[in-house]
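>
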Amino acid sequence: MDKVHVLDHPLLQHKLSILRDARTGVKDFREVVSEIATLMCYEATRDLPLEEVEIKTPVATGKFKALSGKKLAIVPVLRAGLGMVDGILTLIPSAKVGHIGLYRDPQTLEPVEYYCKMPNDISERDVIILDPMLATGGSASAAIQFLKNYGVKHIKLMNIIAAPEGIERVHKDHPDVDIYCAAVDEKLNDHGYIVPGLGDAGDRIFGTK
Ligand code: PRP
Ligand code: URA
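Throughout the sequence shown, residue numbering follows the working numbering, covering 601 to 809 in sequence.
1) CB of SER739 to nearest heavy atom of the ligand PRP: below 7 angstroms?
2) With a floor of 3 residues, list each beta strand (DSSP E) that falls wholly inside the segment 633-696, ordered by position along the chain.
3) Buried or exposed for LYS753, going by 16 or more other Cβ atoms inside 10 Å?
4) Under the criterion of a Cβ to heavy atom distance below 7 angstroms, does ILE794 qualify as lining the ligand URA?
5) Would you call the segment 765-784 in contact with the segment 800-808, where contact means no fewer than 3 C-beta pairs closer than 8 angstroms?
6) Would you identify the three-state DSSP class for ASP803, choosing helix, strand or coil?
7) Buried or exposed: which applies to LEU650, given that a residue is buried once 16 or more other Cβ atoms fall within 10 Å of its Cβ?
8) Indicate the three-state DSSP secondary structure (helix, strand or coil) for PRO711 in the structure shown.
9) Can ASP726 and LEU672 be called in contact, C-beta distance under 8 angstroms?
10) Return the chain-ordered ranges of every alpha helix (DSSP H) run that is complete within the segment 759-801 and spans a minimum of 4 residues.
11) Check whether the Cβ atoms of ILE794 and ALA763 sit closer than 8 angstroms, and answer yes or no.
12) Identify which residue in ILE805, ALA735 and GLN745 has its Cα closest to the Cα of GLU786.
13) Distance, Cα to Cα, ALA742 vs PRO711?
14) Please report the Cβ distance between HIS605 and GLU654, rounded to the nearest whole angstrom; I am assuming they are in contact, meaning their Cβ atoms lie under 8 angstroms.
15) Looking only at its own chain, which residues have a Cβ that is under 7 angstroms from the Cβ of VAL685, when we skip the five neighbours before and after it?
16) Closer than 7 angstroms by C-beta to ILE618: which residues in its own chain qualify, once you throw out the five before and the five after it? Chain order, please.
17) Return yes when the Cβ of GLU652 is within less than 8 angstroms of the Cβ of LYS670, no when it is not.
18) Just how far apart, CA to CA, sit CYS781 and ASP608?
19) ASP705: beta carbon under 7 angstroms from a heavy atom of the ligand URA?
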């Protein structure tokens with residue numbers, strides 16, 4: 601599927617294995633989530649537009665490339681998406697940050713919205729939604745719809761691990777959205793957890809259980 605970008609880089613795969621390991625503690629888990637977000641950001645921004653600028657080096661004047669100033673926003677899905685924010689801001693420090701609070705009802709697995717705060721000019725920005733886990737796809741699909749209702753036109757979804765079911769759901773509901781992930785796992789279990797996955801991303805980032 602040309603809308604799914606699996607970022608198969610050795611550094612990413614190595615760091616993802618650290619996240620998967622049940623022995624990894626909260627400090628390391630949080631740090632590695634952030635590092636993975638930085639590495640993924642590098643790929644997910646590959647199509648940012650450039651413009652030509654004239655620069656005087658200590659030796660000569662020449663024409664070079666600079667970002668053309670496209671406005672970006674990142675939108676973490678609370679809670680777990682928060683763990684990816686700093687890693688992205690390392691590379692794009694001027695990006696604005698919106699927040700969507702969604703949790704998945706453990707019985708129905710349907711997303712429940714509890715918070716939303718967007719930059720005023722969100723409709724003029726290209727948005728990258730951040731959430732480490734794409735399981736059934738319910739949360740991601742709802743977050744994307746949310747942003748579309750605000751008038752956002754270009755949306756990318758960044759997940760660390762995706763399940764085939766989630767990819768299918770997002771692709772069906774929002775065929776215009778590119779999905780960036782570091783792995784596509786095997787399946788979901790009966791509780792909607794990704795197998796083999798890494799467990800509950802929010803709990804492991806924040807040390808709740
Ligand atoms: C997790 C995860 C996603 C969602 C994925 O959040 O961070 O938001 O589940 O599942 P889905 O694709 O089936 O919707 P959770 O509901 O556990 O909330 P939390 O981030 O507050 O822990
Ligand atoms: N949310 C998580 O945090 N982990 C999963 O495996 C599925 C949903």
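Even for Gly, the Cβ is constructed at its ideal location relative to N, Cα and C.
A quick look at the data gives this:
1) The nearest non-hydrogen atom of the ligand PRP is less than 7 angstroms from the C-beta of SER739.
2) Whole beta strand (DSSP E) segments, 3+ residues: 650-656, 661-667 and 672-678.
3) With fewer than 16 other Cβ atoms from the protein chains shown falling within 10 Å of its own Cβ, LYS753 counts as exposed.
4) Yes, the ligand URA has a heavy atom inside 7 angstroms of this Cβ.
5) No, they do not touch.
6) Helix at ASP803.
7) Residue burial is scored here from C-beta neighbours: LEU650 has fewer than 16 other C-beta atoms within 10 angstroms and is therefore classed as exposed.
8) Strand at PRO711.
9) When the beta-carbon positions are compared, ASP726 and LEU672 come within less than 8 angstroms of each other.
10) As far as the segment 759-801 is concerned, its whole alpha helix (DSSP H) runs of at least 4 residues are 764-773.
11) The answer is yes: Cβ separation under 8 angstroms.
12) The option with the nearest alpha carbon to GLU786 is ALA735.
13) Between ALA742 and PRO711, the C-alpha separation is close to 7 angstroms.
14) Contact doesn't hold; Cβ gap of about 34 angstroms is too wide.
15) Cβ neighbours of VAL685 beyond the five flanking positions: ILE674, PRO676, VAL697 and LEU730.
16) Here ILE618 has THR624, ASP628 and VAL632 as same chain residues with Cβ atoms under 7 angstroms from its own Cβ, once five neighbours each way along the sequence are excluded.
17) LYS670 places its beta carbon 8 angstroms or farther from that of GLU652.
18) Their backbone Cα atoms lie some 9 angstroms apart in a straight line.
19) The answer is no for ASP705.
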